[in-house]
Each structure stands twice: as C-alpha cells, then as structure tokens.
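Enquirer: The numbers in this note's numbering rise by one with no breaks, and the one at position 7 of the sequence shown is 7.
Just so it is clear, CB atoms sit at the ideal spot from N, CA and C, and this is done for glycine as well.
My questions will all concern the structure given below.
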Amino acid sequence: MKDVFEELEAEVAQYAVDRKHDSIERKNLLITNDNLIAECLSKEVFSVATNSELNVAQFTEMIVAHTAVEARCLALEAELANLHDKHNHDNQKELINHFSKLKTAESQITKLTEQVTDLQAQNSLFRAENETIKQHYKELYDSITITRAKHLDQ
C-alpha cells in the first residue's frame, strides 16, 4: 500500500513538472509569437517606407495577410490553452479514479482481514471443542471396551 502511495506521489510530482514544462513552453510560444508579429510589423513598415509606389490594393492585401497571420496566432494560442486545460482535466480525472479504486480496495482488504480474524478465532474454538469431543468419545470407547471385556469374561 505504501508503494502505491509513493507511486502516486511520484505521479503527482511528475504532473507538476509537466505542468511547469507546459507553462514554460507556452510562454516561449507566446514570446516567439510576439517576436514574429514584431518582425512582421517591422518588415511591413520597412516595405512601406522604401516602396512608396504601393497602391491601396497592395496595402489592403498586406493588412489582410497580417490579420490572417494574427488570427492564426490567436487560434494557435487558443488551441494551446485548450490542450493545456484538457491535459489538466484528464490528469485530475485519472488521479481521482485511481484514488477511488485504492480506497475501495483498502476497504475490501480491511473487511476481508476482519473476516479472516473472526474465522481464525472460530476455528480455534472449534478445534478445542473437537479435541474435547474426541477425548469424550475415546473415554466412551474405552468404557465400552472394558464393559465388553468384562461381559465376555463372565
């Protein structure tokens, strides 16, 4: 039972490490996302500054592309958050189920241990009673044998 709880503690510790790892990875993705957005914006500004011949259609196209990239980044962030929440929920659900099964098993073991103890006590009483009855029948047998021997002698 102690090993099971140690194993559960190890799983919980691993879960905490995984959670920190996910958090760090998420922060790194957000930083990368911000860097990409900044790079995209700086390239866009540079392009506008160096090429004044851009017409309204090209500029609109760039805004649409930027908006699409930004929307994709937001979608990826949302997906990452959903995966993180799902991961947390699945781990909690698994741990709760595992603890529930352990409690049930512990309860059953306790009940069975009590039953075994009761049966052992009963068995001891029956053995003592059996010895007494065997002794009584031996005495009766001996008495019958003696009586029969006397009866045959007469």
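1. Under 8 Å: do the stretch 31-43 and the stretch 140-151 share three or more Cβ pairs, one atom per stretch?
2. I'd like the list of long-range same chain contacts for Ala68, defined as Cβ closer than 8 Å, with 5 residues on each side in sequence excluded.
3. Below 8 Å between beta carbons: does that hold for Val12 and Leu102?
4. Might you give, ordered along the chain, the residues of its own chain that have their beta carbon closer than 6 Å to the beta carbon of His84, omitting 5 neighbours on each side?
5. What's the C-alpha gap between His98 and Arg26?
6. Could you check how far apart the C-beta atoms of Asn91 and Tyr15 are, in whole angstroms? I think they sit under 8 Å.
Expert: According to the structure shown:
1. As far as the Cβ criterion goes, the stretch 31-43 does not touch the stretch 140-151, which means the pair count is below three.
2. In the sequence shown, residue 68 corresponds to position 68, counting from 1. So no residue of the chain qualifies.
3. Taking the sequence shown and counting its residues from 1, the one referred to as residue 12 is at position 12. Taking the sequence shown and counting its residues from 1, the one referred to as residue 102 is at position 102. Judged by beta-carbon spacing, Leu102 lies beyond the 8 Å limit of Val12, meaning their Cβ atoms are not closer than that value.
4. Taking the first residue of the sequence shown as 1, we reach residue 84 at position 84. Around His84, the same chain offers Asp22 as residues with beta carbons nearer than 6 Å, after the five sequence neighbours per side are excluded.
5. Residue numbering aside, residue 98 sits at position 98 when the sequence shown is read from its first letter. Residue numbering aside, residue 26 sits at position 26 when the sequence shown is read from its first letter. C-alpha of His98 to C-alpha of Arg26: approximately 29 Å in a straight line.
6. Within the sequence shown, numbered from 1, the residue matching residue 91 stands at position 91. Within the sequence shown, numbered from 1, the residue matching residue 15 stands at position 15. Indeed, because the Cβ distance is near 5 Å, the residues count as touching under 8 Å.
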